[in-house]
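A.B. asks: Protein sequences, first through last, are from chains R and H.
Going by the working numbering, the letters in the first sequence line up with residues 1 to 344, in that order.
Going by the working numbering, the letters in the second sequence line up with residues 345 to 643, in that order.
Heads up, the beta-carbon is just placed ideally off N, CA and C, and yes, glycines get one too.
Quick one: the structure is below, and I'll ask about it shortly.
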Amino acid sequence: MKSKTSYFNKTIFKKNITHYWPIWGIILFWNLFLLPIMIYDSSLQYRYFTNMTQAQLEQQRLNDITSLLQVYISPGLLFVFALAAVMAVFSYLYSTRTAYTFHALPVTRLQLFVTNYLSGLLFLVVPEAIGFLAGTLVSVVCGYTSINYLFTGLLFAMGVSFFFYTSTVFVAMFTGQLFAVPVLTLILNVLFVGSKFLGSAMVEILSYGVAWGFSSSRLDILSPIVYLIRETGIQFEYSDHTTVVSGFYGAKAVAGYAVAALVFLAAAYYVYKKKHVETAGSLICVPWISPIFRWGAALCGGCLFSMGFCSILGIVSNKTLFAAVFVFAVLFGAVFFFAAQMIL
Amino acid sequence: MVEVMDLVKEFDGFRALDSANMNVKKGAIYGLVGPNGAGKSTLLRHLTGVYRPNAGTVKIAGEEVYENPKVKAKFAFIPDDIFYFMQANTMEMKRFYQGIYPDFDEKMFIRLMEYFPTINPKKNIRSLSKGMQKQVAFWLAVCIRPELLILDEPVDGLDPVMRRQIWSIVMADVAERDTTVIVSSHNLRELEDVCDHVGIMHKGKVMIERSLSDLQGSVCKIQVAFQAEMPKLPEGFDVLHMSNTGRVYTLIVKGDPAEAKVQLEKMHPMLIDILPLTLEEIFIYELGGVDYEVKDILF
Chain R
1 MKSKTSYFNK TIFKKNITHY WPIWGIILFW NLFLLPIMIY DSSLQYRYFT NMTQAQLEQQ
61 RLNDITSLLQ VYISPGLLFV FALAAVMAVF SYLYSTRTAY TFHALPVTRL QLFVTNYLSG
121 LLFLVVPEAI GFLAGTLVSV VCGYTSINYL FTGLLFAMGV SFFFYTSTVF VAMFTGQLFA
181 VPVLTLILNV LFVGSKFLGS AMVEILSYGV AWGFSSSRLD ILSPIVYLIR ETGIQFEYSD
241 HTTVVSGFYG AKAVAGYAVA ALVFLAAAYY VYKKKHVETA GSLICVPWIS PIFRWGAALC
301 GGCLFSMGFC SILGIVSNKT LFAAVFVFAV LFGAVFFFAA QMIL
Chain H
345 MVEVMDLVKE FDGFRALDSA NMNVKKGAIY GLVGPNGAGK STLLRHLTGV YRPNAGTVKI
405 AGEEVYENPK VKAKFAFIPD DIFYFMQANT MEMKRFYQGI YPDFDEKMFI RLMEYFPTIN
465 PKKNIRSLSK GMQKQVAFWL AVCIRPELLI LDEPVDGLDP VMRRQIWSIV MADVAERDTT
525 VIVSSHNLRE LEDVCDHVGI MHKGKVMIER SLSDLQGSVC KIQVAFQAEM PKLPEGFDVL
585 HMSNTGRVYT LIVKGDPAEA KVQLEKMHPM LIDILPLTLE EIFIYELGGV DYEVKDILF
């Protein structure tokens with residue numbers, strides 16, 4: 001009889017659900033509070049509004065739902081929930097004791113990865129789905145008709161959650177320290193835009209006559225959280241002294257990031273498969289990343305602190321500023337280089 | 345049962361295992377000993393499929409261990425630093441292992457409860473003492489019904505009564521089910537009582553691997569006294585260590601004890617006595633031969 005390869009382990013899944021219930025519990029509570037409870041709460045106020053026409057009432061109710069959906073699809077909050085889920089389900093990778101225990105069990109790395117990945121993802125999407133279903137039910141009972149907005153909001157939230165969760169899992173495979181996960185994930189999420197800002201500022205200081213060149217561009221997709229905060233949401237229009245909802249924007253961006261998440265997923269599993277368990281506890285688990293981290297910290301830290309320091313000192317003269325920025329950048333760069341070396 | 349061939353493992357350029365070889369027969373109780381940093385724990389982690397070697401193979405029951413759940417289900421590993429889930433009690437850990445290991449024996453779990461009377465199975469394991477946590481680990485490990493038991497400092501932290509209890513459970517399992525046991529420990533006096541095979545590791549290699557009786561038969565302690573000074577010892581007399589108290593010389597000699605005695609008797613000593621060596625002494629004197637010895641401290 002051919003043996004069946006299993007990619008999923010029920011025992012580990014059950015362990016994740018029972019042990020990390022505060023995380024999915026908080027996310028579930030938040031989604032239930034935000035959609036069904038707040039929709040119901042909003043509906044109560046209209047009992048006393050007898051002088052509104054049906055159309056005005058419909059519009060007001062739509063505004064209520066979409067205001068709540070703005071928060072529901074907020075990339076910042078979804079990012080935080082994703083981080084919490086990743087840190088929980090993959091926490092066993094960050095201590096030698098737990099890493100050795102789990103990797104000595106009769107399960108493959110594929111089973112461990114798939115089971116833990118799915119556990120964490122369900123922590124996010126199931127509460128979102130429950131919030132949506134409960135919100136829909138309450139909306140119908142309270143006479144709201146804009147159920148399609150709720151559904152679109154759900155797709156947005158799930159797409160953004162899927163991306164943030166999967167990309168954080170990818171980052172999590174490169175480090176052996178639990179608290180490095182949120183730090184590195186946040187840095188990578190703002191790295192492109194942050195570097196652009198720093199670069200523009202340094203160029204303006206160091207190159208006489210060159211104007212400030214920092215502006216938004218399409219390449220800002222390389223800083224997902226910044227891009228999503230800026231480019232996704234619900235469009236409101238103002239007409240006849242009233243606010244009218246015109247629809248969601250950024251759907252293509254969300255879809256694009258969701259597709260990118262699939263690439264991150266495959267890459268994350270590949271890194272996990274190759275990872276040495278003995279790197280648990282190390283800041284960076286992949287050797288060739290260490291010099292990039294070291295020099296990156298030196299460059300970014302040097303530039304940032306140099307500009308900040310000069311700003312605190314109040315140096316305005318061009319010649320002095322040039323010299324000061326240059327000298328402090330080298331000094332702070334060296335400090336950051338050795339600090340990075342110490343923590344690696 | 346266990347076959348390790350030319351195992352190499354490096355950590356950041358440091359060679360922790362340097363073409364280590366190990367063979368453990370089924371049903372053997374194999375003591376893995378060595379100085380600190382010899383590579384014992386590293387070797388055990390390869391046996392449990394935790395580490396991926398740089399070179400070489402690790403096989404249990406003829407199959408490679410790494411990423412092989414079928415093989416991993418055949419052994420239980422008790423490390424020196426045991427992990428339990430936060431807020432977990434013994435019952436919860438039992439349910440977890442029951443779900444993970446296909447051969448987990450629930451009846452055995454209930455039967456063994458009487459051997460661990462001080463442990464409340466519904467109490468948080470992390471609130472138990474270190475010794476009691478270790479008892480829980482043994483309790484669960486035996487219930488997995490492993491073909492191979494891998495123990496790293498197994499009785500460290502246990503009181504003498506519990507040490508005997510644990511060893512008796514292990515030995516009973518060995519006798520009943522022909523379980524193979526690999527034990528790594530610095531407590532050589534205890535290992536001597538339970539092991540039938542010994543592997544001595546040093547600097548990433550298994551230097552000596554023999555049955556305990558062969559090992560004890562290949563090195564002996566001879567006390568000899570001469571009328572005058574100690575005469576020149578015969579050629580080929582492999583002396584690992586020599587000390588004296590007055591005219592009584594104590595020699596640690598490698599080779600057949602009977603033959604050594606015959607050679608010494610030709611030198612007409614006043615007295616000659618062959619004394620058995622403990623495993624601890626064998627360990628000290630064998631490693632003294634490779635430059636790992638007790639050094640006299642002079643203040």
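Leaving aside the five residues before and after R/Asp-64 along the sequence, list all residues of the same chain whose C-beta is less than 6 Å from its C-beta, in chain order.
C.D. replies: Ser-42.
A.B. asks: Could you round the C-beta distance between R/Leu-304 and R/Leu-184 to whole angstroms and report it? I think they count as a contact, below 8 Å.
C.D. replies: At roughly 17 Å, the Cβ-Cβ gap does not stay under 8 Å, so R/Leu-304 and R/Leu-184 are not in contact.
A.B. asks: Nearest chain H C-beta to R/Leu-105 closer than 8 Å, yes or no?
C.D. replies: Chain H contact via Cβ: present.
A.B. asks: Go ahead and pull the three-state DSSP assignment for H/Phe-440.
C.D. replies: Correct three-state label for H/Phe-440: helix.
A.B. asks: Hey, would you say the C-beta of H/Gly-543 is under 7 Å away from at least one heavy atom of the ligand ZN?
C.D. replies: Among the ligands in the structure shown, none appear at all, so the ligand ZN cannot be discussed.
A.B. asks: What in chain R is Cβ-close to H/Glu-411, meaning under 7 Å?
C.D. replies: Here the neighbours are Thr-108, Arg-109.
A.B. asks: Consider the Cβ of H/Lys-474: report whether some Cβ of chain R lies at a distance smaller than 8 Å.
C.D. replies: It does not: the Cβ of H/Lys-474 has no partner Cβ on chain R nearer than 8 Å.
A.B. asks: Report yes if the C-beta distance between H/Ile-373 and H/Val-518 is below 8 Å; otherwise report no.
C.D. replies: Taking 8 Å as the Cβ cut-off, H/Ile-373 and H/Val-518 qualify as a contacting pair.
A.B. asks: In whole angstroms, what is the alpha-carbon distance linking R/Ala-84 and R/Ile-23?
C.D. replies: Those two C-alpha atoms are separated by around 7 Å.
A.B. asks: If you count every other CB in all the chains shown that lies within 10 Å of the CB of H/His-612, and 16 or more means buried, which is it?
C.D. replies: Under this definition H/His-612 is an exposed residue.
A.B. asks: Decide if R/Thr-175 is buried, meaning its Cβ has at least 16 other Cβ atoms within 10 Å, or exposed.
C.D. replies: By the 10 Å Cβ count, R/Thr-175 comes out buried.
A.B. asks: Let's see if you can read the secondary structure: which residues bound the alpha helix (DSSP H) around R/Ser-311?
C.D. replies: First-last of the alpha helix (DSSP H) with R/Ser-311: 289-313.
A.B. asks: Looking at the structure shown, is R/Gln-235 part of a helix, part of a strand, or coil, going by DSSP?
C.D. replies: Strand.
A.B. asks: Identify which residue in H/Met-574, H/Ile-469, H/Leu-376 has its Cα closest to the Cα of H/Thr-594.
C.D. replies: Nearest C-alpha to H/Thr-594: H/Met-574.
A.B. asks: Determine the burial state of H/Thr-523: buried for a count of at least 16 other Cβ atoms within 10 Å of its Cβ, exposed for fewer.
C.D. replies: Buried.
A.B. asks: Quick one: complete alpha helix (DSSP H) runs, 4+ long, within the segment 24-105 of chain R?
C.D. replies: Whole alpha helix (DSSP H) segments, 4+ residues: 38-44, 54-72, 75-89, 96-104.
A.B. asks: Applying the criterion that 16 or more other CB atoms from any shown protein chain within 10 Å of the CB defines a buried residue, is H/Gln-560 buried or exposed?
C.D. replies: With 16 or more Cβ atoms within 10 Å of its Cβ, H/Gln-560 is classed as buried.
A.B. asks: May I ask you to report which of helix, strand or coil DSSP gives H/Ile-422?
C.D. replies: Note: H/Ile-422 maps to strand in three-state DSSP.
A.B. asks: Apart from the five residues on each side of it in sequence, which residues of its chain come closer than 8 Å, Cβ to Cβ, to H/Asp-500?
C.D. replies: Closer than 8 Å at the Cβ level, and outside the excluded window around H/Asp-500, lie Asp-424, Lys-478, Ser-529, Asn-531.
A.B. asks: Below 8 Å, how does it come out for the segment 60-76 of chain R and the segment 131-150 of chain R: are there three or more Cβ pairs, yes or no?
C.D. replies: Touching, yes, given that three or more Cβ pairs across the two stretches are closer than 8 Å.
A.B. asks: Could you have a look at R/Gln-111 and say whether DSSP puts it in helix, strand or coil?
C.D. replies: DSSP places R/Gln-111 in helix when its eight states are reduced to three.
A.B. asks: R/Ser-161: buried (16+ other C-beta within 10 angstroms of its C-beta) or exposed?
C.D. replies: Buried: at least 16 other Cβ atoms inside 10 Å.
A.B. asks: Of all the options R/Pro-287, R/Leu-121, R/Leu-32, which has the alpha carbon lying nearest to the alpha carbon of H/Gly-357?
C.D. replies: Comparing Cα-Cα distances from H/Gly-357 to each of R/Pro-287, R/Leu-121, R/Leu-32, the minimum goes to R/Pro-287.
A.B. asks: Quick one: measure Cβ to Cβ for H/Leu-495 and H/Val-525, integer angstroms, because I've assumed they're closer than 8 Å.
C.D. replies: Indeed, because the Cβ distance is near 7 Å, the residues count as touching under 8 Å.
A.B. asks: Would you list the residues sitting across from R/Thr-152 in a DSSP beta bridge?
C.D. replies: None; R/Thr-152 has no bridge partner.
A.B. asks: Run the CB neighbour count on R/Leu-283, radius 10 Å, all protein chains shown included, and call it buried at 16 or more, exposed below.
C.D. replies: The residue is buried, with at least 16 neighbouring Cβ atoms inside 10 Å.
A.B. asks: If we ignore side chains and look at the alpha-carbon of each, how far apart do H/Val-592 and H/Ile-566 end up?
C.D. replies: So the two alpha carbons sit approximately 10 Å from each other.
A.B. asks: Can you tell which of R/Ser-195, R/Val-244, R/Tyr-270, R/Ala-268 has the C-alpha that lies nearest to the C-alpha of R/Ala-297?
C.D. replies: It is R/Ser-195.
A.B. asks: Using beta-carbon positions only, say whether H/Met-345 and H/Ala-405 come within less than 8 Å of one another.
C.D. replies: Against a cut-off of 8 Å, the Cβ pair of H/Ala-405 and H/Met-345 comes out as a contact.
A.B. asks: Apart from the five residues on each side of it in sequence, which residues of its chain come closer than 7 Å, Cβ to Cβ, to H/Leu-608?
C.D. replies: So the qualifying residues of the chain are Ile-566, Val-568, Ile-616.
A.B. asks: H/Gln-567 by DSSP, collapsed to three states: which one?
C.D. replies: Three-state result, H/Gln-567: strand.
A.B. asks: Can you list, in chain order, the residues of its chain whose CB lies under 6 Å from that of H/Lys-370, leaving out five sequence neighbours each side?
C.D. replies: Around H/Lys-370: Met-345, Thr-524.
A.B. asks: For the beta strand (DSSP E) holding H/Ile-544, just list the boundary residues, first then last.
C.D. replies: H/Ile-544 -> beta strand (DSSP E) spans 541-546.
A.B. asks: Whose C-alpha, out of R/Arg-109, R/Thr-145, R/Thr-98, is nearest the C-alpha of R/Gln-54?
C.D. replies: That would be R/Thr-145, whose Cα lies nearest to the Cα of R/Gln-54.
A.B. asks: For H/Gly-393, return the contacting residues in chain R, with the cut-off set at a CB-CB distance below 8 Å.
C.D. replies: Those are His-103, Ala-104, listed as they occur along chain R.
A.B. asks: I want to know whether the segment 79-93 of chain R touches the segment 241-261 of chain R - three or more CB-CB distances under 8 Å.
C.D. replies: The answer is no - the segment 241-261 of chain R does not touch the segment 79-93 of chain R, with fewer than three Cβ pairs under 8 Å.
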